[in-house]
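Start counting the sequence shown at 1; every next residue gets the next number (full-length UniProt numbering).
Beta carbons are placed, not taken as given, at the ideal position from N, Cα and C, and that holds for glycine.
Bear in mind the structure is a predicted one, so any value in this text is a computation, not a measurement.
Below you'll find the structure, written out as structure tokens, and then a few comments.
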Amino acid sequence: FLQSGVGLLQATQNYLWIPIGQLDNDSRAKAVQRYDEAIRKYQVADYKVASSLNILNLSQNLVITMGLMIQQNFVDMEKMLDLFEEQQSVQDAPGATELKVTEGSVIFENVGFSYDPRHPALKNISFTIPKGKTVALVGPSGGGKSTILRLLFRFYDVQTGRVLIDGQDIRLVKQESLRKNIGVVPQDTVLFNDTILYNIHYGNIDAPEDDVYKAAKAAQIHDRILTFPDERGLRLSGGEKQRVAIARTILKIILLDEATSALDTTTERQIQHALANITKDRTTLVIAHRL
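Rendered as structure tokens:
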């Protein structure tokens, strides 16, 4: 590349410094020919240098990327192995039995709990949700409303008192059977990349398909589903996602965690009407900042 560059400069210099009076046709043609050859050699050398640099940069980036990827994979694998070794803070009691839900009544009896011993989240909380009734917990953020849901799901164990479902202490039943009998309509609904039928059926995989259609009708989403296009159709709106989540919760006990707080007024009214149908004769606990 340097040799070609020097040759190009010499040819250019010779061409430019030929006296005008001595520049006959043969000299002019030879000078131009040497100049053209020098340019071609320079261009070929420049192309080779640029190509080799591109290949070098590509190889270097590939090696660096692969090295970072392997390093990150080792870090992730180490975290995953540490996670496998993590002991569950909430475990089934020895001899735990299946939860048998007949009526679905829920009782919080002198419940106390704290994330930080210096700041109790709940203290001597007692209330009863009778069979088929609805109880709402209304208050500002940080008041312990979501903590009550977590205790009912047994994400944490109560520190004092007890939580009963149909007279059974939830610490003495299997967690799987407990959570199988409780349905939640959260504020942010998560849907799987599959059919709406699958998403509703996910609430109870063992339920027959007819029950899925009944759940969709009760949640007032069935007629809307029939108007959707086929594969690669339109995306569900926020209200439609909420109604799919409502249709999932055809269970004895229903928990509503700010189910309508992120919706507009019209959609909120539609969802509330669907909730009124779905919670009829079902034990329901509502968490809200406002009624």
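Where I196 is concerned, the enclosing alpha helix (DSSP H) starts and stops at I196 to H201. Pairing K48 with Q60, the inter-Cα distance amounts to about 18 angstroms.
Taking L137 as the centre and dropping the five residues before and after it, the same chain places the C-beta of K145 and I287 closer than 6 angstroms to its C-beta, in chain order. The DSSP-derived three-state label of R162 is strand. Look at V101 here: in three-state DSSP terms it is coil, with no helix or strand label. In the DSSP assignment, I221 falls outside any alpha helix (DSSP H), carrying neither H nor E. As computed with DSSP, A288 is found in a beta bridge with V138.
Where F127 is concerned, the enclosing beta strand (DSSP E) starts and stops at L122 to I129. In its chain, beyond the 5 residues on either side, I200, H222, I225 and A247 have a beta carbon closer than 7 angstroms to the beta carbon of A216.
In this chain, the alpha helix (DSSP H) harbouring V244 covers G238 to R248. L99 is a Cβ neighbour of K174, given a cutoff of 9 angstroms.
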